[in-house]
Amino acid sequence: MVWIGSVLLSALVMLVAYIAPAAEIAITSDSPPGFLLLWTRYSAHLAFVFLLLAFSASTLKAVVNKPQTRGLVRYRRQLGLGFASAHTFHLVALILFLSNLEGYSVDASVAVAGFGYVVTALLAMTSNDYSVRQLGPSKWKQLHTVGISILMLYFLVAFSGRLLTSYSPIYAVYVALIATAIIAKLRVKRRVMTPATD
Ligand code: HEM
15 MVWIGSVLLS ALVMLVAYIA PAAEIAITSD SPPGFLLLWT RYSAHLAFVF LLLAFSASTL
75 KAVVNKPQTR GLVRYRRQLG LGFASAHTFH LVALILFLSN LEGYSVDASV AVAGFGYVVT
135 ALLAMTSNDY SVRQLGPSKW KQLHTVGISI LMLYFLVAFS GRLLTSYSPI YAVYVALIAT
195 AIIAKLRVKR RVMTPATD
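Each residue of the sequence shown is one higher than the last, beginning at 15 in my numbering.
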């Protein structure tokens, strides 16, 4: 089960975030980052990998029709659920981090970011055959296409913001991956919708 793998990887990520900071750094520290902030960051990275694979599965199969890409499509729903579980770890980590952060107060940005969790929950709750039957395949596909695209945009905004503030190359890689995945998906869609003329 892919999502069980996601839970195990999330536990590993938590362990890495725990071990990574020097012993004298408090677990609640935001500068330098302590365990809770690193866990918040790393858990978002892991969730992103699952989301990117779920988002790109059908595009990759359309571009390279190999057993591996067909496997990705077959396990797409599991990858989505893997994203939901990994992203739940981000939620737990950020609640613990922010509730221990001196001077933190809830503002409008929490509602915007929180909406991402509403979308995640909606997709996770409808990732089953029963929901496909209830909604009908076309509405179900619409819901999941829109939902997963919104979540990709959230990551695009979050990683672009981090790129602008930290200049770390990993964020440039993430932004490039998201842009490539979106452009490739749109191209494949256009190719499917445009009938061949010869
Ligand atoms: C769909 C919803 C969300 C997505 C896609 C998301 C994604 C991300 C990403 C990509 C990062 C950056 C990791 C890094 O810096 O390396 C991050 C960090 C963080 N997120 Fe989220 N997040 C979401 C919801 C939330 C919510 C609701 C909150 C609470 C207010 C939140 C609080 C944080 C915090 C505190 C950090 C660490 C920021 C820092 O590095 O200083 N996130 N998130």
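For each residue, glycine too, the CB sits at the ideal point set by N, CA and C.
Within 8 angstroms, strictly: CB atoms of glutamine 87 and alanine 71: In the sequence as presented, glutamine is not what sits at residue 87; that position holds valine. Yes. Within cutoff.
Contact belief for alanine 100 with alanine 61 at Cβ below 8 angstroms, rounded distance in angstroms: The C-beta distance from alanine 100 to alanine 61 rounds to 4 angstroms, short enough to fall under 8 angstroms.
Close-in-space but distant-in-sequence residues of the same chain around tyrosine 168 (CB under 7 angstroms, 5 per side omitted): Leaving aside the five residues that flank tyrosine 168 on each side, the residues in its chain whose CB is nearer than 7 angstroms to its CB run, in chain order, Gly130.
Closer than 7 angstroms: tyrosine 89 CB and nearest ligand 1 heavy atom: For ligand 1, not one heavy atom lies less than 7 angstroms from the Cβ of tyrosine 89.
Residue span of the alpha helix (DSSP H) that contains glycine 117, given as start and end: Element bounds for glycine 117: n/a, residue is neither H nor E.
Any non-hydrogen atom of ligand 1 within 7 angstroms of histidine 158 CB: With a cut-off of 7 angstroms, the C-beta of histidine 158 is classified as distant from ligand 1, since no heavy atom of the ligand falls inside that distance.
Backbone CA spacing between tyrosine 181 and alanine 172 [nearest angstrom]: Taken atom to atom, the span from the alpha-carbon of tyrosine 181 to that of alanine 172 is near 13 angstroms.
Three-state class that DSSP yields for proline 47 in the structure shown: Proline 47 falls in the strand class under three-state DSSP.
Range covered by the alpha helix (DSSP H) that runs through tyrosine 144: Judged by DSSP secondary structure, tyrosine 144 falls within the alpha helix (DSSP H) whose first and last residues are 143-149.
Reduced DSSP category for isoleucine 162 - H, G, I as helix; E, B as strand; rest coil: Per DSSP, reduced to three states, the secondary structure at isoleucine 162 is helical.
Same chain, Cβ closer than 7 angstroms to leucine 50, neighbours up to 5 away in sequence not counted: Cβ within range, chain order: Ile41, Thr42, Ala107, Leu110, Phe111 and Asn114.
Neighbour-count burial assignment, leucine 200, 16 or more Cβ in a 10 Å radius: It is exposed - the Cβ of leucine 200 has fewer than 16 other Cβ atoms within 10 Å.
Whether alanine 190 touches leucine 177 by CB criterion (8 angstroms): Result no, Cβ atoms of alanine 190 and leucine 177 do not sit closer than 8 angstroms.
Ranges of the alpha helix (DSSP H) found wholly within the region 34-110, counting only runs of at least 4: Segments of the alpha helix (DSSP H) lying fully in the region 34-110: 49-77 and 81-88.
Environment of threonine 13 [buried if 16+ CB atoms lie within 10 Å]: Nothing about residue 13 can be reported from this structure: the residues present for the chain run from 15 to 212 only.
Contact test: alanine 172 Cβ vs ligand 1 heavy atom, cutoff 7 angstroms: Yes, since a heavy atom of ligand 1 falls inside the 7 angstroms radius drawn around the Cβ of alanine 172.
Pick from Leu52, Arg204 and Thr194 that is closest to leucine 66, judged by C-alpha positions: Comparing alpha carbon positions, the residue from Leu52, Arg204 and Thr194 closest to leucine 66 is Thr194.
Opening and closing residue of the alpha helix (DSSP H) in which serine 123 lies: According to the DSSP assignment, serine 123 belongs to the alpha helix (DSSP H) that extends over 122-139.
Beta-carbon gap between glycine 96 and valine 30 smaller than 8 angstroms: The criterion of a C-beta distance shorter than 8 angstroms is not satisfied by glycine 96 and valine 30.
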